[in-house]
Amino acid sequence: MSWFEKLMPSRIRTDSVSKRTVPEGLWVRCEGCDATLYRPELERNLDVCPKCGHHRRVGARRRLEIFLDEGVREEIGGGVEASDVLKFRDSKKYRDRLVAAQKATGEKDALVVMRGELQGAPVVAAAFDFFFMGGSMGSAVGERFVRGAERALKERIPMVCFSASGGARMQEALFSLMQMAKTSAALARLREERIPFVSVMTDPTMGGVSASLAMLGDINAAEPKALIGFAGPRVIQQTVRETLPEGFQRSEFLLQHGAIDLIIDRREMRGRLASLLAMFTHHIPPETVTDPLRESGSGRVPAAESAEAVQPGREERREPG
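This note's numbering runs 22 ahead of the 1-based position in the sequence shown.
In structure tokens form, the structure reads like this:
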């Protein structure tokens with residue numbers, strides 16, 4: 023016992039064993055305003071800071087849990103995993119990086135796809151997990167996304183994707199770059215069949231993901247202050263040797279310059295997207311219908327037939343002159 027402890031009155035001494043312990047992780051610091059936040063309260067607010075509105079990054083499964091209705095959810099492509107066909111190695115083996123990411127996140131790869139419902143309407147939803155190797159897109163991510171698109175096409179239901187990625191996965195080289203074309207082709211098929219696809223870009227959405235599927239939505243939305251672009255602002259500034267505008271590549275900047283359609287607060291995401299999708303899905307025919315205009319029973323007539331129908335009447339009413 024030190025001399026100070028000997029002089030200290032016994033009634034104010036504190037036994038180290040009886041000190042109150044605070045569970046780890048109960049408090050978190052906001053990256054936006056530096057405020058200390060109570061984690062349970064933050065989670066109830068969908069990981070949005072109640073003080074400044076900063077949208078914290080969330081994992082893929084958490085994202086889908088707060089977006090889809092509670093109840094039956096079917097995971098699509100959950101068994102698809104990346105393979106190290108190139109035996110790639112930088113400072114670590116690619117296989118070791120995959121194992122470490124799987125242990126840290128509990129996911130097998132950086133994309134989770136589910137078939138569920140949004141306010142009672144069926145939907146296929148996909149979400150990137152930035153905590154899994156920066157949400158990078160490799161062969162497994164591309165395959166999972168395509169399987170989700172194929173499911174949406176088969177059931178003729180909308181697809182929504184939440185992007186959070188640093189881009190293509192460099193450890194897979196051309197196999198990862200190929201996913202840009204692969205996912206874009208799947209979305210082209212949805213567009214041909216008039217199946218809605220909504221892209222929601224979250225912080226960050228960069229590289230090959232932003233240059234492919236993330237910008238190919240019928241509606242391209244984003245969360246507030248999300249970083250969106252191909253190369254990062256620091257790289258661009260070093261290349262052009264000019265000072266970039268304030269807020270460059272943030273979602274507000276992109277909205278102002280017409281690169282995206284709207285910004286949606288995470289707490290309003292379910293309601294806003296449900297309303298938007300309702301406008302689209304009203305026009306989607308049943309699976310058995312091949313011609314949506316001719317066979318939908320909606321009374322709509324193709325433009326060519328409309329012109330043919332009114333032409334005789336016009337000719338009959340035309341006065342000679």
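Note that the Cβ used here is the ideal one computed from N, Cα and C, for glycine as well.
Cβ shell of residue i (< 6 angstroms), same chain only, five flanking positions each side left out
i: R213; result: none
i: S234; result: M202, T205 and S206
i: G99; result: V135, R166 and R169
i: E96; result: R137
i: G156; result: G188
i: V323; result: Any reading at V323 must be qualified, since the residue scores a pLDDT of 39, below 50, and its modelled position is unreliable; the value itself is stated next. Cβ within range, chain order: n/a, list empty.
i: L64; result: none
i: C413; result: Lying before the first or after the last residue shown, residue 413 is absent from the chain, which here runs from 23 to 343.
i: L48; result: R61
i: R83; result: V134
Reduced DSSP secondary structure (H/G/I, E/B, other) of residue i
i: A186; result: strand
i: A57; result: coil
i: L249; result: strand
i: I11; result: There is no way to answer for residue 11, as the model of the chain reaches only from 23 to 343.
i: E63; result: helix
i: G319; result: Model confidence at G319 stands at a pLDDT of 39, short of 50, so the residue's coordinates are unreliable; what they give is reported in the following sentence. Note: G319 maps to coil in three-state DSSP.
Terminal residues of the alpha helix (DSSP H) in which residue i lies
i: M291; result: M291 to T303
i: H275; result: Checking the sequence shown, residue 275 turns out to be Phe, not His. It spans S273 to Q278 - the alpha helix (DSSP H) in which F275 sits, taken as one unbroken run.
i: A244; result: Careful: A244 lies outside any alpha helix (DSSP H), inside the beta strand (DSSP E) at I241 to A244.
i: A236; result: No alpha helix (DSSP H) holds A236; DSSP gives it neither H nor E.
i: F153; result: Where F153 is concerned, there is no enclosing alpha helix (DSSP H), given that its DSSP letter is neither H nor E.
i: A11; result: Because the chain here runs from 23 to 343, residue 11 falls outside it and cannot be looked at.
i: L212; result: L196 to E214
Own chain, CB closer than 7 angstroms to residue i, minus 5 neighbours either side, in chain order
i: E423; result: There is simply no residue 423 to check, as the chain begins at 23 and stops at 343 in what is shown.
i: M200; result: none
i: S232; result: I250, G251 and F252
i: G81; result: T127, D151 and F153
i: R173; result: I98, R137 and V146
i: L90; result: M136, G138, E139, L140 and A147
i: M291; result: F89
i: Q271; result: L249, I250, G251 and P255
Same chain only: Cβ atoms within 8 angstroms of residue i, ignoring 5 sequence neighbours per side
i: R211; result: A171 and L175
i: R117; result: D106
i: T303; result: A143, I179, P180 and P218
i: A296; result: L140, Q141 and A143
i: L298; result: V220 and I241
i: E274; result: P246, K247 and I285
i: A57; result: R51, C71, K73 and C74
i: A110; result: According to the sequence displayed, residue 110 carries Phe and not Ala. Same-chain partners within the cutoff: Y116, Q193, E194 and A195.
i: H76; result: C52, E53, G54, C55, V70 and K247
i: P267; result: F275
i: A190; result: S158, M159, G160, S198, L199, Q201, M202, G229, G230 and V231
i: G93; result: G138 and E139
i: L108; result: Y116, Q193, E194, A195 and F197
Residue i, enclosing beta strand (DSSP E) - first and last residue
i: R51; result: W49 to R51
i: F219; result: F219 to T227
i: P267; result: Element bounds for P267: n/a, residue is neither H nor E.
i: F150; result: A143 to F150
Residue i Cβ short of 8 angstroms to the ligand ADP heavy atom set
i: P72; result: Questions concerning the ligand ADP fall outside what the structure shown contains, since it holds no ligand whatsoever.
Next on the checklist: Threshold first: 4 residues or longer. Then list the alpha helix (DSSP H) segments lying entirely within the segment 78–140, N to C.
Outcome noted: 82–89 and 116–127
Checklist entry - With a cut-off of 8 angstroms, do at least 3 Cβ pairs link the segment 230–246 to the segment 272–289? => result Cβ pair count under 8 angstroms is three or more, so yes.
Checklist entry - Is the segment 186–200 close to the segment 147–163, with three or more CB pairs under 8 angstroms? => result yes
Checklist entry - Do three or more CB pairs link the segment 212–232 to the segment 255–268 at distances below 8 angstroms? => result no
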